[in-house]
């Protein structure tokens, strides 16, 4: 068992990626705001911790510090949107979704206010325990009508998502990988499309459908499986809503053993969306859900926690092998 | 509109028309938030026929003043004011609360003239702060007028927004707090005391006044005074009487949601016509 100590809140994600990029969200927002003068930024006393400080330093007149008041953060963002601005509001997943839920649902989603909620510390990307780990945010956000929900996997994708959602007119919830974010996808070849899943690797023995930072581990898993002669496809679903049903169904029609991998509880998130989709279509598959079980996670060091709650690559490999051998 | 000297007689006539519209809507469905609609008619008359800059034919005019109704159940009053102002047809008032009508019992942004969806209480002032920040960033002269209720001050989000309004020195933001001392479970003071209100708003950094919210001249005077206070948002606390203008509703045991017997409507209309 891996052991360690709880790292501070500015610690980087312990991804296996060799390469990282600093503050991809902050950089992408500044780049988008250079071209789009209607973009404004807000945060609830977490500017430095969500990379919003990069925007605040470049565009101080277009930045609003709201203090530790997440309901107000989302409410003010909705008001700015109604005045014709494109607000990006940042805080942590836990505070945005648990504390400001009604303000997202009614203040933003009901009337499709053009608000972008940027939510840090998704799933197990902090060792701080239940208060800070946003383990059920995708389930909460996915159930709100009109809301686009995105869980990007790396710095490459974040850099592409930001200009896309700035141009999209409507409310968006995006999970944020902040600080030194891993680079999993090749910026030269990867193209993010809103609402589209991407087949990053093909294979006929099994398929891993992954979202967020689990896609890096899904790709590692497929590599390890290939070394054992098992050919696994990897479908990366960064847009949880609207969900790319066609891509999932196309895969499920030809690959019957599917592992879902998400940095989230296994209820109501990616696994739920995949299960709903294949059930609605009447397609029979074998499904193994990798994700956080139905529990709050303890605090601790991230490698230890990710292993304990089954989010590490080894566990995805194990799940895929069991499925293939079954 | 928005002249320096309000024509009080004209505004009183408008307020009476708004009250007539409120009764018309409520009678059709036999119930509704009649007390609130009647109680707030004087403010709505002062705003829509004196203070607000808007174009009834061009509701998305960017320079318009924003009226933000945070309390969705007061929509009966706003529908009445919007009909009186020519924003929605008066005949449409007869659809209030009916299936498929734009005039929902608790209104929303899908109705013309509504800037946001109130009703989940505690949302309005935060959005009003956001609108005020956005208008200032665009260097527009438009102002934001937000209507809250006393019960809504139980919601913590209202105070988060109050802090932000003062922090950003939004002197083009006006909050009206309708104090009718009635929430769903009883008198506000018994359900959860909110006093001393004037001191609270002052402590939060707002230019604050407390007036009789059923005297139109007091309302127009208070707004005129508020406009002279710089670098602070403005809170105008309105003590109002639920059901104002219809004696039997004024005297009835106070209810958040009034049910009226079919035979009572004619008397209600007579009492309104006999009122000042």
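Chains as they are written, first to last, in this note's numbering: chain F, 913 to 1238; chain D, 662 to 937.
From the three backbone atoms N, C-alpha and C, an ideal C-beta is built for every residue, glycine too.
These figures come from a predicted structure and were not determined experimentally.
| So which of F:979, F:953, F:1203 and F:1214 has the shortest CA-CA distance to residue 917 of chain F? | As a first step, residue 917 of chain F must be located in the first chain, where it is residue number 5. For residue 917 of chain F, the nearest C-alpha among the options comes from F:1214.
| Whole beta strand (DSSP E) elements within the region 680-744 of chain D, 3-residue minimum | 727-730
| message | Taking the alpha carbon of residue 1100 of chain F as the reference point, which residue from F:1078, F:1068, F:1195 and F:965 has its own alpha carbon closest? | response | Within the first chain, residue 1100 of chain F is the residue found at index 188, counting from 1. Residue F:1068 is the option with its Cα nearest to residue 1100 of chain F.
| Whole-angstrom distance between residue 744 of chain D and residue 719 of chain D, CA atom to CA atom | The residue given as residue 719 of chain D occupies position 58 in the second chain. The residue given as residue 744 of chain D occupies position 83 in the second chain. Near 15 Å, if we compare the C-alpha coordinates of residue 744 of chain D and residue 719 of chain D.
| Start-end ranges of the alpha helix (DSSP H) lying completely within the region 949-980 of chain F, minimum 4 residues | 964-970
| said: Measuring alpha carbon to alpha carbon, tell me which residue in D:682, D:848 and D:798 is nearest residue 974 of chain F. | reply: Here residue 974 of chain F refers to the residue found at position 62 of the first chain. For residue 974 of chain F, the nearest C-alpha among the options comes from D:798.
| message | Is the beta carbon of residue 1111 of chain F closer than 8 Å to that of residue 1175 of chain F? | response | Position 263 of the first chain, counting from 1, holds the residue named residue 1175 of chain F. Position 199 of the first chain, counting from 1, holds the residue named residue 1111 of chain F. For residue 1175 of chain F and residue 1111 of chain F, no; Cβs fall outside 8 Å.
| Stretch-stretch touch, CB-based, cutoff 8 Å, three pairs: the region 912-928 of chain D with the region 856-868 of chain D | no
| Interface positions of the region 983-997 of chain F facing chain D (Cβ-Cβ less than 9 Å), listed along the chain | 983, 984, 985, 986, 987, 988, 989, 990, 991, 992, 993, 994, 995, 996 and 997
| task | Closer than 8 Å by beta-carbon distance: list the chain F residues that pair up with residue 788 of chain D, in chain order. | result | Counted from its first residue, the second chain places residue 788 of chain D at position 127. Neighbours of residue 788 of chain D on chain F, chain order: 987, 988, 990, 991, 994 and 1019.
| said: I need the DSSP call for residue 678 of chain D, collapsed to helix, strand or coil. | reply: Here residue 678 of chain D refers to the residue found at position 17 of the second chain. Reduced to three states, the DSSP call for residue 678 of chain D is helix.
| said: If I measure Cβ to Cβ from residue 1014 of chain F and keep anything under 7 Å in the same chain, skipping five residues before and after, which residues do I get? | reply: Within the first chain, numbered from 1, the residue matching residue 1014 of chain F stands at position 102. There are no such residues.
| field | Which listed residue (F:952, F:961, F:1203 and F:972) has its alpha carbon closest to that of residue 1092 of chain F | value | Reading the first chain from its first residue, position 180 is the one you call residue 1092 of chain F. Closest option to residue 1092 of chain F, Cα to Cα, is F:961.
| said: Could you check whether the Cβ of residue 822 of chain D sits closer than 8 Å to any Cβ belonging to chain F? | reply: For the purposes of this step, residue 822 of chain D is identified with residue 161 of the second chain, where counting begins at 1. Closer than 8 Å: yes.
| request: Would you please verify whether the beta carbon of residue 981 of chain F is less than 8 Å from any beta carbon of chain D? | output: Within the first chain, residue 981 of chain F is the residue found at index 69, counting from 1. Cβ-Cβ to chain D under 8 Å: yes for residue 981 of chain F.
| query | Do the region 756-766 of chain D and the region 804-823 of chain D make contact, defined as three or more Cβ pairs closer than 8 Å? | reply | no
| query | For residue 835 of chain D, which option in D:717, D:893, D:861 and D:765 has the closest C-alpha, if you only look at C-alpha atoms? | reply | The count along the second chain starts at 1 and reaches residue 835 of chain D at position 174. Closest option to residue 835 of chain D, Cα to Cα, is D:893.
| query | Is the beta carbon of residue 749 of chain D sitting closer than 8 Å to the one on residue 773 of chain D? | reply | Locating residue 749 of chain D in the second chain gives position 88, where the first residue counts as 1. Locating residue 773 of chain D in the second chain gives position 112, where the first residue counts as 1. Yes, Cβ-Cβ distance for residue 749 of chain D and residue 773 of chain D is below 8 Å.
| Counting only beta-carbon atoms, is residue 976 of chain F nearer than 8 Å to chain D? | Taking the first chain and counting its residues from 1, one reaches residue 976 of chain F at position 64. Closer than 8 Å to some Cβ of chain D, the Cβ of residue 976 of chain F qualifies, so yes.
| If you run the structure through DSSP and keep just helix, strand and coil, what is residue 1004 of chain F? | As a first step, residue 1004 of chain F is located in the first chain; it is residue number 92 there, counting from the start. If DSSP states are grouped into helix, strand and coil, residue 1004 of chain F belongs with the strands.
| message | So the candidates are F:1047, F:1151, F:1065 and F:1018; which of them puts its Cα closest to the Cα of residue 1056 of chain F? | response | Position 144 of the first chain, counted from the first residue, corresponds to residue 1056 of chain F. The residue with the shortest Cα to Cα distance from residue 1056 of chain F is F:1018.
| When the Cβ atoms of the region 1027-1044 of chain F are set against those of the region 1072-1090 of chain F, are three or more pairs found closer than 8 Å? | yes
| query | What in chain D is Cβ-close to residue 1023 of chain F, meaning under 9 Å? | reply | Position 111 of the first chain, counted from the first residue, corresponds to residue 1023 of chain F. Within 9 Å Cβ-Cβ: 769, 770, 771, 777 and 778.
| In three-state DSSP terms, what is residue 932 of chain F? | Within the first chain, numbered from 1, the residue matching residue 932 of chain F stands at position 20. Three-state DSSP puts residue 932 of chain F in a strand.
| query | Are the region 1001-1016 of chain F and the region 945-965 of chain F in contact at 8 Å, needing three or more beta carbon pairs? | reply | yes
| said: Suppose only complete runs of 4+ residues qualify. What are the alpha helix (DSSP H) ranges in the region 781-844 of chain D, listed by chain order? | reply: 785-798 and 817-828
| query | Relative to the alpha-carbon of residue 1167 of chain F, which residue among F:1009, F:1149 and F:1235 has its alpha-carbon at the smallest distance? | reply | By one-based count along the first chain, residue 1167 of chain F stands at place 255. Out of F:1009, F:1149 and F:1235, F:1235 has the C-alpha closest to the C-alpha of residue 1167 of chain F.
| query | By Cβ distance, which residues of its chain are closer than 7 Å to residue 1020 of chain F, with the 5 residues on each side in sequence left out? | reply | Taking the first residue of the first chain as position 1, residue 1020 of chain F is located at position 108. Once the five neighbours on either side are set aside, the close Cβ partners of residue 1020 of chain F are 986, 990, 1027 and 1083.
| Helix, strand or coil: which one does DSSP assign to residue 868 of chain D? | Translated into positions along the second chain, residue 868 of chain D becomes position 207. Looking at residue 868 of chain D - three-state DSSP - the assignment turns out to be strand.
| request: Closer than 8 Å by beta-carbon distance: list the chain D residues that pair up with residue 1015 of chain F, in chain order. | output: Residue numbering aside, residue 1015 of chain F sits at position 103 when the first chain is read from its first letter. Within chain D, the residues near residue 1015 of chain F are 784, 787 and 818.
| query | If you measure from the beta carbon of residue 781 of chain D to each beta carbon in chain F, is any gap under 8 Å? | reply | The count along the second chain starts at 1 and reaches residue 781 of chain D at position 120. Judged by the 8 Å Cβ criterion, residue 781 of chain D is in contact with chain F.
| Helix, strand or coil: how does DSSP classify residue 1040 of chain F here? | Here the question's residue 1040 of chain F lines up with position 128 in the first chain. Correct three-state label for residue 1040 of chain F: coil.
| Buried or exposed: which applies to residue 1150 of chain F, given that a residue is buried once 16 or more other Cβ atoms fall within 10 Å of its Cβ? | Position 238 of the first chain, counted from the start, is the residue given in the question as residue 1150 of chain F. When all chains shown are included, residue 1150 of chain F counts as buried.
| said: Between which residues of its own chain and residue 1163 of chain F is the CB-CB distance below 6 Å, once the five residues before and five after are set aside? | reply: Looking up residue 1163 of chain F in the first chain gives position 251. Around residue 1163 of chain F: 1119 and 1147.
| said: I'd like the span of the beta strand (DSSP E) that includes residue 1087 of chain F, first residue to last. | reply: Sequence index remark: in the first chain, residue 1087 of chain F carries index 175 (1-based). 1084-1088 is the extent of the beta strand (DSSP E) around residue 1087 of chain F.
| query | Quick one: does residue 696 of chain D have its CB under 8 Å from some CB of chain F? | reply | Your numbering for residue 696 of chain D matches position 35 in the second chain. It does not: the Cβ of residue 696 of chain D has no partner Cβ on chain F nearer than 8 Å.
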